[in-house]
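Heads up: the sequence lines are chains E and R, in that order. Its first residue numbered 1, the first sequence is counted upward by one per residue in our numbering. Its first residue numbered 288, the second sequence is counted upward by one per residue in our numbering. Built from N, CA and C at the ideal position, the CB exists for glycine as well.
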Amino acid sequence: MSAADITPGRERGRLAELLAALGRSRTFLAGAVILLFWIFCALFGEFFTPYDPLADDIINSLMPPSAEHWFGTDQLGRDVFSRVIVGARDILTVAPLATLIATIFGTALGLVTGYFRGIVDDVVSRVLEAFMAMPVVIIALLAIVALGTSTFTVVSVIGLSFSPIIARTVRSAVLSERELDYVAAARLRRENALHIMFVEILPNVLPPILVEATVRLGYAIFAVATLSFMGFGIQPPSPDWGLSVSANYGMIGGGFWWTVLFDALAIASLVIGVNLVADGVQGALDD
Amino acid sequence: MLDFGDKGALWNRPAGRSFDFGWQVFRTGESSIAAFILRRVALSLVTLVLLSLMVFFGGQVLPGNVGRAILGPFAEESAVQALNHSLGLDRPYLVQYWDWISNFVQGDMGTSYVFRSPVAPFVLDALVNSLKLAAVAFIIVVPIGILGGVVAALNVNRPLDRIISLSGLTATVLPEFVTGIVLILIFGIWLKWLPIAAAWPEGAGFWVQLYHLILPSMPLFLVLFGYIARMARAGMIEALESDYTRTAVLKGLPWHTVIRRHVLRNALTPTITVIATQAGYLIGGLVVVETLFRYQGIGSLIFTAARGKDFPVLEAGILIIGIVFATATLIADITYSLLNPRIRLGAER
């Protein structure tokens with residue numbers, strides 16, 4: 001890649017090329033349809049759900065699926081179908097926010113460690129490595145217990161624990177980028193390090209950052225759903241899917257399968273959708 | 288252009304460390320095996336010290352006033368202070384950390400706030416249970432995962448390869464509690480083939496224990512299957528396309544001999560060592576699976592401790608997991624470097 005590659009005209013050409021490649025990718029399109037469906041439900045679901053997703057109706061609790069309640073009702077008599085439809089709202093707020101934090105923080109760390117190398121790189125890398133040596137769920141558990149459960153804690157804990165992984169990707173991209181002529185030219189022009197890192201190098205390492213961010217979004221959804229299931233994520237009375245599974249799985253032995261199955265399938269479809277999008281983006285950029 | 292290596296987008300486990308040596312700065316000239324191992328051991332120790340600091344910070348410093356948390360908002364301030372004093376929490380942090388970590392190294396993991404008894408027996412019993420569950424999952428997934436990858440590679444880009452790769456991808460990205468719930472419904476509730484609780488009756492023999500562990504090991508199997516199959520597939524394809532395979536074919540060896548003697552041997556050594564790095568993921572997955580199946584392992588111990596704010600148990604559990612994980616990764620890295628000199632000799636990337 002040379003300086004000519006990042007002139008505005010070329011940039012627009014590359015973007016159009018990327019979009020065209022994404023349009024041809026069946027993987028990406030399938031994932032995008034699933035993801036857009038859930039985003040639509042999260043935004044507008046409350047206008048077309050047959051029942052109020054939060055309204056109790058104790059007399060009709062634990063009813064199996066029927067014409068009135070397509071997915072049955074839960075132990076408080078709430079309509080499972082309505083809850084599944086709007087259940088994406090919180091996770092689709094928390095997970096992207098966490099991913100955004102991870103991406104910003106990780107990109108900055110990766111640029112600094114990759115560009116300066118030496119002692120800065122050694123020290124930061126060791127700390128990040130220690131951080132990555134633990135399963136995210138366990139780190140999150142410790143931090144959330146210590147700080148108390150809140151959406152802010154969940155977002156920042158997942159954001160921070162994902163940032164080393166993004167930093168690693170950015171760093172290895174920067175390592176090869178910094179040896180190129182346009183960086184040497186910028187140095188000869190006496191540009192300062194901040195300018196070289198963020199104005200010269202950053203635009204050229206955006207593709208791997210984009211891929212890593214979409215992949216991380218899949219895992220952020222995984223992590224948020226898991227934490228909610230364990231009671232450390234999104235809090236009641238949200239109709240969140242992981243939370244619903246956690247509230248109802250204790251009764252699974254009684255045969256009330258509808259109280260957990262639809263929520264579980266909804267999580268599965270969202271996770272698969274985001275991962276298909278990520279795979280599509282990666283494939284399009286690799287071409 | 289930028290090289291993504293062999294890391295497909297779907298394959299970076301959140302928990303497990305992907306097999307990437309990006310952070311490890313290898314300088315040419317330090318390439319002897321002894322120096323590498325020494326470096327690697329030192330790195331693990333640094334990692335563990337940092338982890339212990341994080342755990343200490345999270346468990347002792349961030350929660351604030353532990354005495355107040357135990358006694359509740361209506362207790363006398365003097366009682367809170369007395370409790371903090373008896374727990375040693377009014378001393379400087381550095382002293383507390385040194386005290387905690389030096390006792391930990393000697394096997395004294397402190398006293399549970401909730402049970403008022405030493406932590407070590409709880410943690411060690413739970414660890415044994417978790418290792419049983421992990422062992423069952425591993426023993427099932429390793430041969431099946433490798434077989435899946437090999438079959439996929441031998442049928443590359445044909446329908447069978449697509450089916451194996453796609454189901455592997457899908458299984459890998461789903462949260463364990465989601466697959467766990469669906470498996471419980473299918474095999475435990477509708478078909479009634481397997482018990483839905485992992486806990487076996489007191490004094491149960493090996494086979495009964497195994498019977499109870501099959502269903503809980505399945506969500507772990509699903510996540511690991513895709514990963515291992517993917518590694519085996521990639522290794523196989525690389526070996527199949529190599530010069531030595533072409534030579535073996537051209538000199539007239541029968542195809543199955545080529546596969547067995549040349550391809551498999553070269554393709555699977557990295558896969559087998561990579562499997563060890565999945566130990567860390569496995570332990571993260573255990574927290575969820577053990578909670579879902581009500582199994583008394585280290586994961587559910589940590590979960591219970593987190594719910595009850597029992598910080599000594601929480602800290603000890605996490606640190607033990609860290610030690611197990613660091614050891615597994617260390618062994619994996621060293622084995623891999625012994626098998627693959629390019630890692631040792633490789634210059635900075």
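Nearest to Leu338 of chain R by alpha carbon, out of R:Thr591, R:Ala613, R:Leu420?
Residue 338 of chain R sits at position 51 when you count from the first residue of the second sequence. Nearest C-alpha to Leu338 of chain R: R:Ala613.
Kindly indicate the opening and closing residues of the alpha helix (DSSP H) around Leu497 of chain R.
Within the second sequence, the letter at position 210 stands for residue 497 of chain R. That run of the alpha helix (DSSP H) goes 493-527.
Can you check DSSP and say which residues form a bridge with Asp79 of chain E?
The sequence position of residue 79 of chain E within the first sequence is 79, counting from 1. For Asp79 of chain E, which the question treats as bridged, DSSP gives the partners E:Thr73.
Looking at the structure shown, is Pro207 of chain E part of a helix, part of a strand, or coil, going by DSSP?
Within the first sequence, numbered from 1, the residue matching residue 207 of chain E stands at position 207. Note: Pro207 of chain E maps to helix in three-state DSSP.
Can you pull the chain E neighbours of Val574 of chain R, defined as C-beta to C-beta under 9 Å?
Here the question's residue 574 of chain R lines up with position 287 in the second sequence. Residues of chain E passing the Cβ test: Pro135, Val137, Ile138, Leu141, Thr226, Met230.
Any contact of the stretch 156-167 of chain E with the stretch 352-369 of chain R, i.e. 3+ C-beta pairs under 8 Å?
They do not touch, by the three-pair rule.
Out of E:Leu210, E:Ala266, E:Phe232, state which residue places its alpha-carbon closest to the alpha-carbon of Ile104 of chain E.
Counted from its first residue, the first sequence places residue 104 of chain E at position 104. Here the closest residue by C-alpha is E:Leu210.
With distances taken between CB atoms, is the gap from Ala322 of chain R to Gly584 of chain R smaller than 8 Å?
As a working mapping, residue 322 of chain R is identified with position 35 in the second sequence. As a working mapping, residue 584 of chain R is identified with position 297 in the second sequence. Cβ distance not < 8 Å, so Ala322 of chain R and Gly584 of chain R don't count as in contact.
Taking the alpha helix (DSSP H) that Ile468 of chain R belongs to, which residues open and close that run?
The count along the second sequence starts at 1 and reaches residue 468 of chain R at position 181. Element bounds for Ile468 of chain R: 463-470.
Taking Cβ positions only, does Tyr115 of chain E come closer than 8 Å to chain R?
Stepping through the first sequence from its first residue, residue 115 of chain E is reached at position 115. It does not; no Cβ of chain R falls within 8 Å.
Name, going along the chain, the residues of the stretch 586-597 of chain R whose beta-carbon falls closer than 8 Å to a beta-carbon of chain E.
Listed in sequence order: Ile589, Phe590, Ala593, Arg594, Lys596.
What would DSSP say about Leu276 of chain E, mapped onto helix, strand or coil?
Numbered from its first residue, the first sequence carries residue 276 of chain E at position 276. Reduced to three states, the DSSP call for Leu276 of chain E is helix.
Taking 8 Å as the threshold (beta carbon to beta carbon), is Leu420 of chain R in contact with chain E?
For the purposes of this step, residue 420 of chain R is taken as residue 133 along the second sequence, with counting starting at 1. Not closer than 8 Å to any Cβ of chain E, the Cβ of Leu420 of chain R fails to qualify, so no.
Could one say the Cβ of Glu129 of chain E lies closer than 8 Å to chain R's Cβ atoms, at least one of them?
Looking up residue 129 of chain E in the first sequence gives position 129. Closer than 8 Å to some Cβ of chain R, the Cβ of Glu129 of chain E qualifies, so yes.
So, for Leu509 of chain R: in the same chain, excluding its five sequence neighbours on each side, which residues have a beta-carbon less than 6 Å away from its beta-carbon?
Sequence index remark: in the second sequence, residue 509 of chain R carries index 222 (1-based). For Leu509 of chain R, where only same-chain residues beyond five positions count, the Cβ hits under 6 Å are Ala458, Thr466.
What do you get for Tyr380 of chain R, buried or exposed, if any count of 16 or more other CB atoms within 10 angstroms of its CB means buried?
The residue given as residue 380 of chain R occupies position 93 in the second sequence. Flag for Tyr380 of chain R reads exposed.
Could you name the residues of the stretch 325-339 of chain R whose beta carbon sits closer than 7 Å to any beta carbon of chain E, in the order they occur along the chain?
Here the close residues are Val333, Thr334, Leu337, Leu338.
Relative to the C-alpha of Ile34 of chain E, which candidate in E:Gly273, E:Arg189, E:Leu97 has its C-alpha closest?
Position 34 of the first sequence, counted from the first residue, corresponds to residue 34 of chain E. With distances taken between Cα atoms, Ile34 of chain E lies closest to E:Gly273.
Report the option in R:Leu579, R:Ile524, R:Ile546, R:Gly595 whose CA atom is closest to the CA atom of Ile357 of chain R.
Position 70 of the second sequence, counting from 1, holds the residue named residue 357 of chain R. Out of R:Leu579, R:Ile524, R:Ile546, R:Gly595, R:Gly595 has the C-alpha closest to the C-alpha of Ile357 of chain R.
Give the secondary structure of Thr149 of chain E by DSSP, where H, G and I count as helix, E and B as strand, and everything else as coil.
Within the first sequence, the letter at position 149 stands for residue 149 of chain E. Three-state result, Thr149 of chain E: coil.
Which value, in whole angstroms, describes the spacing of the CA atoms of Asn60 of chain E and Gly77 of chain E?
On the first sequence, residue 60 of chain E is found 60 positions in, with the first residue counted as 1. On the first sequence, residue 77 of chain E is found 77 positions in, with the first residue counted as 1. The alpha-carbon atoms of Asn60 of chain E and Gly77 of chain E are separated by roughly 5 Å.
For Glu317 of chain R, which residues in the same chain have their Cβ closer than 7 Å to its Cβ, ignoring the five residues on either side in sequence?
Numbered from its first residue, the second sequence carries residue 317 of chain R at position 30. Legend: pLDDT at Glu317 of chain R = 47, less than 50; position of this residue unreliable, no value from coordinates given.
If you draw a straight line from the C-alpha of Pro64 of chain E to the C-alpha of Phe28 of chain E, how long is it?
Translated into the one-based positions of the first sequence, residue 64 of chain E becomes position 64. Translated into the one-based positions of the first sequence, residue 28 of chain E becomes position 28. If I take the Cα positions, the gap works out to 36 Å.
On the DSSP bridge assignment, give the partners of Pro405 of chain R in chain order.
For the purposes of this step, residue 405 of chain R is taken as the residue at position 118 of the second sequence. Paired residue(s): R:Thr398.
Between the stretch 237-247 of chain E and the stretch 84-94 of chain E, do three or more beta carbon pairs fall short of 8 Å?
They touch, by the three-pair rule.
CA-CA distance, Tyr115 of chain E and Arg189 of chain E?
The count along the first sequence starts at 1 and reaches residue 115 of chain E at position 115. The count along the first sequence starts at 1 and reaches residue 189 of chain E at position 189. Their Cα atoms are separated by approximately 17 Å.
Applying the criterion that 16 or more other CB atoms from any shown protein chain within 10 Å of the CB defines a buried residue, is Ile436 of chain R buried or exposed?
Indexing the second sequence from 1 puts residue 436 of chain R at position 149. Residue 436 of chain R is actually Gly in this sequence, not Ile. With 16 or more Cβ atoms within 10 Å of its Cβ, Gly436 of chain R is classed as buried.
Counting only beta-carbon atoms, is Gly218 of chain E nearer than 8 Å to chain R?
Numbered from 1 along the first sequence, position 218 holds the residue referred to as residue 218 of chain E. Yes, contact with chain R.
I'd like to know if the stretch 108-122 of chain E and the stretch 170-188 of chain E are in contact, where contact means that at least 3 CB-CB pairs between them fall below 8 Å.
Output reads yes: the stretch 170-188 of chain E touches the stretch 108-122 of chain E.
Assuming Leu472 of chain R and Leu270 of chain E form a contact by the criterion Cβ under 8 Å, report the distance between their Cβ atoms to the nearest whole angstrom.
Within the second sequence, the letter at position 185 stands for residue 472 of chain R. Within the first sequence, the letter at position 270 stands for residue 270 of chain E. 19 Å between Cβ atoms; not a contact.
So Leu511 of chain R packs on Leu420 of chain R, CB below 8 Å; how close in whole Å?
By 1-based counting over the second sequence, the position of residue 511 of chain R is 224. By 1-based counting over the second sequence, the position of residue 420 of chain R is 133. Not really, about 13 Å apart at Cβ, beyond 8 Å.
Between the stretch 437-450 of chain R and the stretch 518-531 of chain R, are three or more C-beta pairs nearer than 8 Å?
The stretch 437-450 of chain R vs the stretch 518-531 of chain R: in contact.
State the DSSP-derived secondary structure class of Glu489 of chain R, mapped to helix, strand or coil.
Here residue 489 of chain R is taken as the residue at index 202 of the second sequence, counted from 1. In the structure shown, Glu489 of chain R sits in coil (DSSP, three-state: anything other than H, G, I, E or B).
What did DSSP end up calling Ser228 of chain E once you bin it into helix, strand or coil?
Within the first sequence, residue 228 of chain E is the residue found at index 228, counting from 1. Helix, per DSSP.
Is the stretch 597-613 of chain R close to the stretch 229-239 of chain E, with three or more CB pairs under 8 Å?
Taking 8 Å as the limit for Cβ pairs, the verdict is that the stretch 229-239 of chain E does not touch the stretch 597-613 of chain R.
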